[in-house]
Amino acid sequence: MNRTPSSLLAFRAQFPSLTRFSWLDTPGCPPGARPVLDAVRSAVDAWERGEFSWIEWDDTPELARAKIARLLGVESSLVALVSSLSEAAATVAGAVPDGGSVVVGSNEFRSNLLPWLAAAARGVRIVAPVEGSAQTTTERICASIVEGVDLVAVSSALSSTGVRPDLEVISDRARAVGAQLFLNVTQSFGVLRLDLARIAPDYVAAHAYKWMLAPRGCAWLYARADRLAALEPVAPGWHSVDRPNQDYNGIRALSTEARRLDGGLPWLPWIGGNAALDVLATLDGGQAETHVLRLARRAREGLEELGVVLEGTDRASHIVRMYSPRSQQILAKLRQNGVVASGNSHGLRIGIHAFNIDSDIERFLDGVKGIVGRE
-15 MNRTPSSLLA
-5 FRAQFPSLTR
5 FSWLDTPGCP
15 PGARPVLDAV
25 RSAVDAWERG
35 EFSWIEWDDT
45 PELARAKIAR
55 LLGVESSLVA
65 LVSSLSEAAA
75 TVAGAVPDGG
85 SVVVGSNEFR
95 SNLLPWLAAA
105 ARGVRIVAPV
115 EGSAQTTTER
125 ICASIVEGVD
135 LVAVSSALSS
145 TGVRPDLEVI
155 SDRARAVGAQ
165 LFLNVTQSFG
175 VLRLDLARIA
185 PDYVAAHAYK
195 WMLAPRGCAW
205 LYARADRLAA
215 LEPVAPGWHS
225 VDRPNQDYNG
235 IRALSTEARR
245 LDGGLPWLPW
255 IGGNAALDVL
265 ATLDGGQAET
275 HVLRLARRAR
285 EGLEELGVVL
295 EGTDRASHIV
305 RMYSPRSQQI
315 LAKLRQNGVV
325 ASGNSHGLRI
335 GIHAFNIDSD
345 IERFLDGVKG
355 IVGRE
């Protein structure tokens, strides 16, 4: 039985490929929404005809910056636009003092791991606790946050497992020892609510090509007002000044706003990203979160009934990770049946967005049962 609210069915209708596929691979990449596809296609068509304005294209990221700020509930002057989560993390890593200390989980997605490890070249000490369940991950990270730690880097949801550490507990511990908090929300922002007031992170960043439905190349970094002055751009360029299109030559001071951290802003991705933010703005945050967690719970229950080993089941998550020696066979069977998921030789992962419906989960479980049921 379909229990999806009508407003979410209307949201789903904006994704043309969902008439053919049950798309459960948003942790890797979502399907294209019609408004995003139309915006990019229109720009490419205008480019082909020569009927475009690159100045207008270059102004589009400013529209996106304001929309990201509204979603976060912050001033747009505190939001930088970058090309990747790695760039955002590297920007903040550059502000960690030589000889300082950073806590970051050893199983983090590399975009939120390697930029911090690179800081070791200038004497920054890296403490990398091994993650486990949500409770274990939270406990191990907190145990590593001691006096002298300068910064804690954590993801709201781990890409590999969907494990969601308790951000409020980690934030409280970081504040207790005077450590800053860098929060990577790439794998949750768009479907799970983020309480900035309660968590009070110093920095928040995401690459928007996953749950925010944008093309790859659209990422952002929020910095608290009192942290902004300490940050320097990884590669300062002509967008790093105020009113960059006023003139392009000669020496000008970098902006005092977050735009000082802006990287090169690729036109077509941000044209699509700006449209994606309009699509995302139609969602009710509470309704979307309730919906995706309900569907993910059904997926976990169904997999447990099949005797499948899961990870991260001690806290609700929209990402489900299962282990099976036959994961590649399962993935092939799912794709044959129109179910898009991802995995490797060790297991399989699905992610639930607000456009997913009950039949997507049942279709997935039927495909898994067809293989696991014969083991």
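Numbering (the working numbering) for the sequence shown: -15 to 359.
Glycine included, every Cβ here is placed at the ideal spot set by N, Cα and C.
Everything numeric in this text was worked out from a predicted model, so none of it was measured.
Three-state secondary structure (DSSP) of residue i
i, result
"D156", "helix"
"R109", "strand"
"S68", "coil"
"S37", "coil"
"V293", "strand"
"H223", "helix"
"N328", "strand"
"A102", "helix"
"D186", "coil"
"L197", "coil"
"F93", "coil"
"D29", "helix"
"F(-1)", "coil"
"G174", "coil"
"V63", "strand"
"G351", "helix"
"V114", "coil"
"V323", "strand"
"I52", "helix"
"D298", "coil"
Cα-Cα separation, residue i to residue j
i, j, result
"S95", "A214", "22 Å"
"V80", "Q313", "45 Å"
"N91", "L349", "28 Å"
"H302", "G335", "6 Å"
"G270", "G256", "25 Å"
"D246", "V352", "44 Å"
"L(-8)", "L178", "20 Å"
"R278", "A272", "10 Å"
"S224", "G248", "9 Å"
"A50", "V293", "43 Å"
"V138", "P199", "24 Å"
"L267", "V153", "28 Å"
"L56", "Y187", "12 Å"
"P15", "F(-1)", "7 Å"
"R33", "L261", "27 Å"
"P250", "A(-6)", "30 Å"
"L197", "R124", "32 Å"
"G162", "S329", "42 Å"
"T122", "I52", "28 Å"
"G107", "L101", "10 Å"
"R282", "S308", "19 Å"
"R227", "E46", "11 Å"
"R(-4)", "D22", "16 Å"
"A103", "F36", "42 Å"
"A265", "R18", "15 Å"
"D42", "P185", "30 Å"
"G132", "F166", "16 Å"
Cβ separation of residue i and residue j, assumed to be a contact under 8 Å, to the nearest whole Å
i, j, result
"A158", "R148", "Contact doesn't hold; Cβ gap of about 17 Å is too wide."
"P253", "G221", "Not really, about 16 Å apart at Cβ, beyond 8 Å."
"A189", "A73", "7 Å"
"V76", "V111", "So it is not a contact: roughly 17 Å between Cβ atoms."
"V323", "S85", "So it is not a contact: roughly 44 Å between Cβ atoms."
"A242", "L62", "5 Å"
"L65", "W195", "Not a contact, Cβ separation roughly 18 Å."
"R305", "G331", "6 Å"
"K317", "G354", "6 Å"
"A338", "V276", "6 Å"
"N(-14)", "I345", "Actually they are not in contact, since the Cβ atoms of N(-14) and I345 sit about 11 Å apart, beyond 8 Å."
"D210", "Q164", "The pair is not a contact, with the Cβ atoms about 11 Å apart (cut-off 8 Å)."
Residue i: first and last residue of the uninterrupted beta strand (DSSP E) it sits in
i, result
"N371", "Coverage of the chain is limited to positions -15 through 359, which leaves residue 371 absent and any answer about it impossible."
"I341", "Taken as a continuous stretch (DSSP letters only), I341 belongs to no beta strand (DSSP E), as it is neither H nor E."
"A209", "Looking at the DSSP string, A209 is not in any beta strand (DSSP E), and its letter there is neither H nor E."
"L215", "From DSSP, L215 is part of no beta strand (DSSP E); its letter is neither H nor E."
"R135", "A quick correction: the sequence has Leu, not Arg, at residue 135. Looking at the DSSP string, the run of the beta strand (DSSP E) that includes L135 is L135 to S139."
Residue range of the alpha helix (DSSP H) that includes residue i
i, result
"S(-10)", "S(-10) to R(-4)"
"V86", "Per DSSP, V86 belongs to no alpha helix (DSSP H); it is in the beta strand (DSSP E), S85 to V88."
"R282", "G269 to E289"
"R244", "That residue, R244, is in no alpha helix (DSSP H); it is neither H nor E in DSSP."
"I255", "W251 to L264"
"R361", "Beyond the ends of the chain as shown, which are -15 and 359, falls residue 361; an answer cannot be given."
"R(-13)", "From DSSP, R(-13) is part of no alpha helix (DSSP H); its letter is neither H nor E."
"Q202", "Residue 202 is actually Cys in this sequence, not Gln. Note, C202: premise wrong, no alpha helix (DSSP H); not H, not E."
"C126", "A118 to S128"
"S144", "Careful: S144 lies outside any alpha helix (DSSP H) and carries neither H nor E."
"R319", "S311 to Q320"
**Request:** Determine contact between the stretch 231 to 245 and the stretch 172 to 191, defined as no fewer than three beta-carbon pairs at a distance below 8 Å.
**Result:** no
**Message:** Using 8 Å as the cut-off, can you tell me whether the stretch 53 to 70 makes contact with the stretch 115 to 123, which would need three or more C-beta pairs spanning the two stretches below that distance?
**Reply:** no
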